[in-house]
Structures are given as structure tokens and as C-alpha cells.
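Here is the structure we will look at.
Chains as they are written, first to last, in the working numbering: chain A, 452 to 919; chain B, 452 to 919.
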């Protein structure tokens, strides 16, 4: 550290920009969201997995090319002199912090594909990292819920994955008016690009262009389209195509004209062909009202092969994105295996829950103490640690004051402040092995034999668990 | 990727050495351990926190010097050209993967010390990283439970922290015969070094020497001791001192002779002075039998100031280590604040639980489905997705077969294999809105109205939750 004034000798350390410190109340909210993700996943029959926080860098460059390295946090062992020397010579680092979970999942499936029972239904809730400038809804480290269904190429897999996402949003208090799952199929996008006779080796550029469109003005989009070879006429057609929206069951789209021979194709028929079965599945799962066709959704990532979707609340970044990626497992050395899934981050989601007033006061997400133990006199104070310890070892959540006051009224105030369900008062009858138990909700108070306290506390706590 | 045989075109990606892929059954075991850590922490009145996975590198070099950088995984943004250029010019990376949680905790406490209610009782269960060669009990990425009690300099804080560690071991099935908490006080170590007139500016070297001792032969230790300036006579004294062990309540140690003037000090008196109050606290918490005085325990880290301890099962690395660090918060820019805590990793702990036969079959840690839904005919099969979806949205964990068989016996086999609590059979009475519910433990079977199924399932599930 630089020497100087006394103040500069005590450096103020801070979390790296775009990362978060989670104090108890912050983490309680995150755990609430993760808890909903986890229980909804399990209810829907998904098993939880996890992978390393760092992966070999080439796990990411393999599919996306070396350019991706500049969007990653790169990692090397400070101990490994070869690695350090290679890096200093201008190479890339050997590892990266995972920017998304799908490559890890693909690697794990490919490694054990022959011994895993089918279909594979997995979820994960790890942290992810992006070497980007932090902004609203976008941090450098964030939590992301990943849900994947592998080994089933039918629309019922897409539907089940979508139903899982919707169930979580519903459990968090959101409704189908507040957020929409905008859905498309890469087939339709490719069909449109084919009609325009756009060269297939540049389709990834087109996907990236479409992905940026929502954030651009019409003229910015036209300029970008021109820069990757679309004529003004093509661009007009693209704008028309990308603005097509409708409900899953009833939609009427304008026809599409083939560039070279003016052949016409009914987009409505194409959409019905591609979405008919999925629409039926979503209807039978009673979540069709959450979904909307939107031909502008492409998801930039190169690995999607069919259904693609984003979950969006107006004016915010996507809450979640996903789709079908039927070729990815094979490309990681596994067998051919159809797959679909989505990722949902915690940052945008928490912003939206906040904006819609769907988060309670942070305090309310902290676990409530089963009892707050109070010593009313000195003898009781001497016995308090042993009594508290026995209750804790029996599985109860017990708090007590660390202050030395014996002022019971004040300590009852502390018990309420700690949101305890009960107060256990160690008073004059302690030598008869008797304590006072006060239900802090009802105010009801009674004497309880100390040995019976666990039995008496248990149903009180169970009742509260059912209420909450 | 290198071109070559078709096989080499499908690269086999693997997790980085020393990191782990957690398939469902692996993660279920980890979640079981983490669940015990979390609930024991909450029962003992600790609040959960979390911090960033990466920290500024100087958070670690600040206390430990630049040498620590070679033991860390260093991190930089691939996007930030200045960072990349600085690194290539021979500098250190700006960030590191956290090797331990205490510096993050100290930073977080220092940043908000004035607004946090006292005492601060926090726990965290994040992943940590070490740039070391992986070996038994030591991985490059591992989970670690951190428990810290700040703002209280009395032995009751040490005792409560120790009680929390012991309660977790006990909950996991270990007993005081299988593992011991070996405890010492830096004061005693410093007293011994003072008697030997070893220069205080080299005490950190001595701590590191003592820390290595358990893994060394006597002559290796003597050689290392000589290399940092201990005479042969000093080394003999050190060996005597470091081999002193005893119970907390009754111990008889040989006296200690001062080097320069042959003054004698009773180690037994010293120990009683330092440990008397803590021993009383541990006794009143009924965990004294888990603890043993061991004057060889120093914990290498420079920040410990008082009590130090390790939890050890014979023949293994330490399960946990901790102690008192009363100066650390201040050194990170916070106010003077006494503190103590410990860290317990998942790798050694799981090895020991395995060795002692304390882990059940991995399958048994997976959450059990509340119901496995079976379609006995084609009409039922058409109705299955909607019925399953409604139960899931009501919070039930529901599985079903993705195979097309209508062979009920085979599907009941699948239900048992999935460890479901019940089977719900959609059969001929489905048009009367009636299904069969089979309790898979008792074999009992009865007709249930579909609308009443949630009410009927709920108590079955609650009963199971109480059994487990």
C-alpha cells in the first residue's frame, strides 16, 4: 500500500465492481428466490447437479471461437510457472470462470451418457461470471438457475421445461399479465433467411443482428443489417418478419415472399406446423396464457436448433432465455442427444419482483427463532448457556441476549425484535425445574417443566411452519 | 482443436484437475452435509452471509505479503486490455479466487461496522480455491463452512463457536471418540518463544515450523528448526513443549525454564490461567469431552491472537481449524473488534464420514417424490400431463414414466425405483374423476376423488417428513 496520511494506511477494501456482498438480509432474499427455484425444480422431477466454478478455457472457445476469451474472466494458477510464463508470452489463460452452465452440462452428459438413465432432467443454481461493464440487470457475478431436459425430442420436453419456468414465476407472485414467455423457432428464422437467400455461413451474424434489434432504432438496425450484406429491400422484409407476434392458438401472419421467384409461403401455416403440438401441450398444462409467439426472438447463441424463448417483463432485460439445442451434446464428444433448457438469472428477476412490490421486507425472509431465552435473575443467567445448548442440540433455533440486563420487559422486546416465536423465561421457579413459556403471537403464557420444553415447543413450531 | 484422426475431432473435455463434477447423487451428499451445517448454524443463532467468488488480489497480499499470490488462482478480465497488458508486462492479476473466507468477512464487517447490531454472529458456506497439487483431502475447489462470532472478547464466544462445530459433527453421526477438538492458545506459544528469547519478528516463521511438525520426522523438524535459528538445545525444549497434551480440566505439565536466567514457570498454572474460564464454559455446554489441550496446535495463519484449535480424526488432515483473531477487523480499516471463528471443509469431512460408515447410500439423500403418476390406459395417458402439472403447481414433487408402456406392474416398479412415497394410478374410473392412490410403504390402496387428491396426499407427506 502507498504510504502517506494515516488514513491511507488503512486501505478501504471493496468488493470487485459488479460483484455483491450479501449481508444477512440480502442473502435471505437470494435464498428465498433460490429456494423457490429449487423446490419448483424438484416438484417437476428435476435432479440437482453442480460443476466446477472454473473450466478449461477451450470448453468455451471450442464452440464459440477464440473471440469469446475476451468476454470471460480468465484464470491461471499463480503457482504454475509454465502457465504464468505462457500467459506473459501473449497466450490465453488455461481456465475461465464459467459464463454460462450449458457447456459444463454438455461435458458432464457426454462423459457419462451411456450410464445415465434417460431422459436426463437436471437443474443447477450456480454462480456465473461475465467480463462486462456492470449495468442495471447485468452484474459480473450473478446466480443463474439452469433447467435442462435431455434425451427427448418431442414438444412435451419443451413444454415441461417451460412449465417449470412458469411455475417458479407464479410461485414468486408474478402473473401472465406482468411477464410473457416470448417464443419462436429457429426453423422459422432460418426459413426467412433462406427466402432472402442469405448465405448460411453468415447466419450466426444474422442471429446476432436480430438479437440486438430490441435495443436499436430502426435506422441503427438498417445500418447494421447493411453492414452484414442485407439490401434495403431485404431489411424491409426482415423488419416485417421480426415484428410478427401473436397468441399460440390464434394468429394470422402476412404471407412471406421468396426473393428469387416470388413464390409465396403462408407464415401462419408454417407457424401452425411448427407450434401446433407444443401449443397443445402448453394448453393441457394450462400455461398457454403465459406464452406468445414472437418471431423476433432468436437467442444469439449458436447452439440453438429449434424452439427458442425469452421471458420478458416490459422495459427490462430478459428474465430468462432458453430453447432446444439438439446438436450440442454430440459436439462435446457425446452421443447424438436431443436437449432443451433455459437459464434464469437472479438479478433481473429480483429487480422485477421489487418493482412489482412482490418482495416482503427483507427481515421477513430471515429464519425465525423458535425461542428467545431470557434469564430473569443471576442464578438463571448462570444456567442459561447449558439450557440454550441442550435445546439447540435437539434441533431448535434458539437466540438469547448477550447483554447483561435482567430487565424482563426489555428482553421480551429483544425477543420480538428477533421475530422469535416464543420466549422462554428462566425465573424464580428454575430451582423447581420450571420455566415460563410465552407464545409471542398470542401472548399466552404458562409454566412448563424444563424437561418437557422440547415436546411443548415442537407443535408450536410445526403450527407456525404450516401458517407460513 | 488439432486436426487428425476422427477421434481427436471430438475432444474429450474434462473438469480441471482438482475440481469436481457433482452428478445428482454426488450433489445430494454435498447438500446433506451443507444442510447440517446450515441448520446447526441457524439453531445456534448465526445469520448466513455470502461474498464475491473473486476478490481484489490485494485483499490477500495486504496481510500475507505478495508471496501469497503464488498460492492463488489469479483472475483478470479478458476484455480489459490494460489488465491484460499489465499482466503480460510481468505484473500480478488484479483479482484472485478466494482461498479462504475470513478476509472477505473482515472487509464486510469493516465496511458496515457502525451500523451492524452487536455481537455479529455470521456463517457462510461458499466455495474456495487453492492453487495446489490435489491430493487426498485437498482439492483445488472445495466447499467450506465458516462460522464467526465478532464483538465479544469473552471465552463464551470461543465456547459458542466451538459448540457449533461440535453440534454439526454430532448431527452427522460422529462422536468424541472418533474426532477431537485440539485446542491451544497463541499466548502459550508466544510465552514459550519468549522464554527461548526467539526474536519476535520471526515468530511467524516459528508458527509455520510448528504447523508442519505433524507431517515431519524428528530429524526433519530439527533441521527446519535450525534453518530458522533455533539451537539444538532450543529445539529439544520446543519438542518437549509441543508434545504437551492433556484434558481441559485435569492436566499436569512439566515446568518451563527461561533461557537466560533459569527462572521456572509452571506451564500447568499458565494453562489454567488461560483456559480456566473456557474450560468452564465448555463444561457447562457439555462438550468438554470433545476437547483436548494440545500445545502443538498453532494454525499457521498470521492473524490468530488467542485461542487456536483444530478438529482432527486420527490419520487425516484437519476437518476444521479456527481461533481468535482480535486484530484483523481493525487491520482492514474497521474499528477494534474482538473476533473468533472457524472453517470446516467438505472434502476431509466427507472422507471421514465415509470411512466411519456414516453416509447412507447416495440415493437416499435424493428428495423422495410425493407421488409417481401412472396412466393405465390411453385416455389416462392423454390426461396425465394436466393432472401432473396441477399437482406440481400445488407444491407436490411428482414424477411419472416417460415410457409409453401401460403395464401397471412395471410402472409400479418404476415408482418404487424412484423411491416415491405413493403411486397415483389413472385408470378406468378416471371418467368418474376417481384415481387409485397406493401407499408404497404400506401397500394400502384406495380410490380417491381427483379433486381431493391434494388434501389426501398432504398428511401422507407430512407423516413421512416426521419419520425421516
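For every residue, glycine included, the Cβ atom is placed at its ideal position computed from N, Cα and C.
{"query": "Min CB distance residue 456(B) to chain A below 8 Å", "result": "With a pLDDT of only 39 at residue 456(B), under 50, the local geometry of the prediction cannot be trusted, and the value read off the model is given with reservation. So, not an interface residue."}
{"query": "Residue 480(B) at chain A interface by Cβ criterion, 8 Å", "result": "no"}
{"query": "Selection of the region 851-875 of chain A by Cβ proximity to chain B, strictly under 7 Å", "result": "853"}
{"query": "CB contact below 8 Å: residue 607(A) versus chain B", "result": "yes"}
{"query": "Whole-angstrom distance between residue 607(A) and residue 904(A), CA atom to CA atom", "result": "52 Å"}
{"query": "Residues of its chain near residue 457(B), where Cβ-Cβ distance is below 6 Å and the 5 sequence neighbours each way are ignored", "result": "Confidence at residue 457(B) is low in this model, with a pLDDT of 42, below 50, so the placement of that residue should be treated as unreliable; the coordinate-derived value is given next. Closer than 6 Å at the Cβ level, and outside the excluded window around residue 457(B), lies no residue."}
{"query": "Euclidean distance between Cα positions of residue 545(B) and residue 509(B)", "result": "8 Å"}
{"query": "Neighbour flag for residue 829(B) against chain A, beta carbons, 8 Å", "result": "no"}
{"query": "C-beta neighbour in chain B for residue 771(A), strict 8 Å", "result": "no"}
{"query": "Which of helix, strand or coil DSSP assigns to residue 908(A)", "result": "helix"}
{"query": "Supposed close pair residue 590(B), residue 469(B) - CB separation, criterion 8 Å", "result": "5 Å"}
{"query": "For residue 430(B), the first and last residue of its enclosing alpha helix (DSSP H)", "result": "Since the first and last residues shown for chain B are 452 and 919, residue 430(B) lies out of range."}
{"query": "Local conformation of residue 581(A) per DSSP, three classes", "result": "coil"}
{"query": "7 Å Cβ cut-off: residues of chain B touching residue 700(A)", "result": "Correct list: empty, because the minimum Cβ distance to chain B is about 16 Å."}
{"query": "Any C-beta of chain C under 8 Å from that of residue 523(A)", "result": "Although the question refers to chain C, the structure presented lacks it and instead comprises the protein chains A and B."}
{"query": "Minimum length 4: unbroken alpha helix (DSSP H) runs contained in the region 756-791 of chain A", "result": "779-782"}
{"query": "Distance between beta carbons of residue 785(B) and residue 560(B), contact taken as under 8 Å", "result": "6 Å"}
{"query": "Three or more C-beta pairs below 8 Å linking the region 716-724 of chain A and the region 668-682 of chain A", "result": "no"}
{"query": "Alpha helix (DSSP H) runs wholly inside the region 489-553 of chain A, at least 4 long, in chain order", "result": "509-515, 532-539"}
{"query": "Closest residue to residue 666(B) among 639(B), 766(B), 640(B) (Cα-Cα distance)", "result": "766(B)"}
{"query": "Identity of the residues DSSP links to residue 696(A) by a beta bridge", "result": "745(A)"}
{"query": "Any non-hydrogen atom of the ligand ATP closer than 7 Å to residue 514(A) Cβ", "result": "The ligand content of the structure shown is nil, which means the ligand ATP is not present either."}
{"query": "Straight-line gap, residue 855(B) to residue 772(A) (C-alpha atoms, nearest Å)", "result": "30 Å"}
{"query": "Extent of the continuous beta strand (DSSP E) run through residue 633(A)", "result": "631-636"}
{"query": "Cβ-Cβ distance between residue 538(A) and residue 527(A) below 8 Å", "result": "yes"}
{"query": "Top-ranked residue by Cα proximity to residue 853(B), from 846(B), 845(B), 862(B), 847(B)", "result": "862(B)"}
{"query": "C-alpha gap between residue 802(B) and residue 630(B), whole angstroms", "result": "13 Å"}
{"query": "Reference residue 821(B); option with closest CA among 775(B), 711(B), 908(B)", "result": "908(B)"}
{"query": "Any chain B beta carbon closer than 8 Å to residue 899(A)", "result": "no"}
{"query": "Alpha-carbon to alpha-carbon, residue 718(A) and residue 702(A)", "result": "10 Å"}
{"query": "CA-to-CA distance, residue 890(B) to residue 505(B), given in whole angstroms", "result": "49 Å"}
{"query": "Collapsed DSSP secondary structure at residue 471(B) in the structure displayed", "result": "coil"}
{"query": "Supposed contact pair residue 483(B) and residue 754(B) - C-beta distance, whole angstroms, cut 8 Å", "result": "Wrong, their Cβ atoms sit about 32 Å apart, outside the cutoff."}
{"query": "Residue 652(A) versus residue 796(A) - alpha carbon distance", "result": "31 Å"}
{"query": "Interface residues of the region 526-537 of chain A facing chain B [CB-CB below 8 Å]", "result": "526, 527, 528, 529, 530, 531"}
{"query": "Members of the region 541-556 of chain A that neighbour chain B once the beta carbon cut-off is set at 9 Å", "result": "541, 543, 544, 545, 546, 547, 548, 554, 555"}
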